[in-house]
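Here's the structure, in structure tokens; my notes come after.
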Amino acid sequence: KFFATCMDQEARDKAGIEPLKPTFAKIDKVKNLKGLMKLTGELHGGGLAGPFFSFGPSFDFKQPDLWITDLSQGGTGLPDRSFYLDEQKSAQVLPLYTQHITTMLTFVYGGDKEKAAADAAKVVAFETELAKIQKDRTELRDPVATYNRLDRAGVLKLGKGLDWKGYWKAIGYPKTKLINVSVPSFVEALPALLEGTDMDTIKAYLRFHVINGNASDLSSEIDAAAFGFSAMLTGQQQQEPEWKRCLGKTQ
């Protein structure tokens, strides 16, 4: 049944962004960081990777037979921090990324390009701030620096100011005990960044990542827009056939 639904492009074209409206309604209702952490847990648990940070099951690097969870940096829509902070790279990519966000938010805002463009600029500015507290790829490859196993209390202390208990419950790991924090400095800096960002910017950021992350399940127009930008980054010439992509989603 899922495969047949996935292959029904005509139905997806007709639906447009309708399947995402319940999620957008939840975003609209967020009033504070407590509600934001709950919603982030729901989004991560539903398969949307990456808003604000990453979290999921992992094996313990020093005890490979022990399964724990891993909390790491995330939140940016471009491959790594250099696309935001390197002068040459950012000059080439950020205008294109801003235009892509504008395109995707235009779908969300019912064709309101002016509002979409204004929010796109806010999203890029916010992601640039996220990039500033991230580590670069070289640092992330250091197995010693990225091994920082903590218990729940340790994460609550490190990321003080965010409702991690509410997040863990929402994502489906209410009793998680051991957490490897790959980038402690990121988790430590995140609360202040979120507290200092206005909620309208955060909501625009979430709307973009929700539609962009689900683009392949939406209309052909939305799917093509998302792939077009992705192809620019990856060099991929064309998408896999629809049947192949749908088959992959069933596994």
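So the sequence shown is residues 7 to 257, counted in the working numbering.
Beta carbons are placed, not taken as given, at the ideal position from N, Cα and C, and that holds for glycine.
- The alpha-carbon of residue 61 is positioned some 19 Å away from that of residue 145.
- In the structure shown, residue 139 falls within a coil segment according to DSSP collapsed to helix, strand and coil.
- The alpha-carbon separation between residue 123 and residue 210 amounts to approximately 11 Å.
- With respect to residue 80, residue 116 sits apart: the two C-beta atoms are not nearer than 8 Å.
- Listed in chain order, the non-local C-beta contacts of residue 192 below 8 Å within the same chain comprise 59, 78, 79, 139, 140, 141, local neighbours out to five positions each way being set aside.
- Between the alpha carbons of residue 196 and residue 206 lies a distance of about 18 Å.
- With fewer than three CB-CB distances shorter than 8 Å, the stretch 161 to 179 does not count as touching the stretch 84 to 101.
- Residue 107 and residue 152 have their C-alpha atoms spaced approximately 31 Å apart.
- When 114, 105, 164 are compared, the shortest CA-CA separation from residue 127 is found for 105.
- Every beta strand (DSSP E) stretch that sits fully inside the stretch 33 to 98 and reaches 3 residues is listed by chain position as 59 to 66, 69 to 79.
- Comparing alpha-carbon positions, the option among 17, 68, 120 lying closest to residue 155 turns out to be 68.
- A straight line joining the alpha-carbon of residue 50 with that of residue 215 spans about 11 Å.
- For residue 109, the closest of 242, 240, 217, 212 by C-alpha to C-alpha distance is 217.
- Under the three-state reduction of DSSP output, residue 187 falls in the strand class.
- Of the residues assessed, residue 198 falls on the exposed side of the cut-off, its CB having fewer than 16 other CB atoms within 10 angstroms.
- Setting aside the 5 residues that flank it on each side, residue 121 is surrounded in the same chain by 111, 115, each with a C-beta closer than 8 Å to its C-beta; the list follows chain order.
- Under the 8 Å Cβ criterion, the stretch 219 to 232 counts as touching the stretch 17 to 34, having at least three qualifying pairs.
- Residue burial annotation: residue 212 is buried, with at least 16 other C-beta atoms found within 10 angstroms of its C-beta.
- Residue 150 counts as exposed, since fewer than 16 other beta carbons sit within 10 angstroms of its beta carbon.
- DSSP places residue 155 in the strand class (E or B) of the three-state scheme.
- About 14 Å separates the CB atoms of residue 46 and residue 132; that is not less than 8 Å, and the two are not in contact.
- DSSP, reduced to helix, strand and coil, places residue 168 outside both helices and strands of the structure shown, so it counts as coil.
- Between the stretch 161 to 169 and the stretch 25 to 44 there are three or more C-beta pairs closer than 8 Å, enough to call the two in contact.
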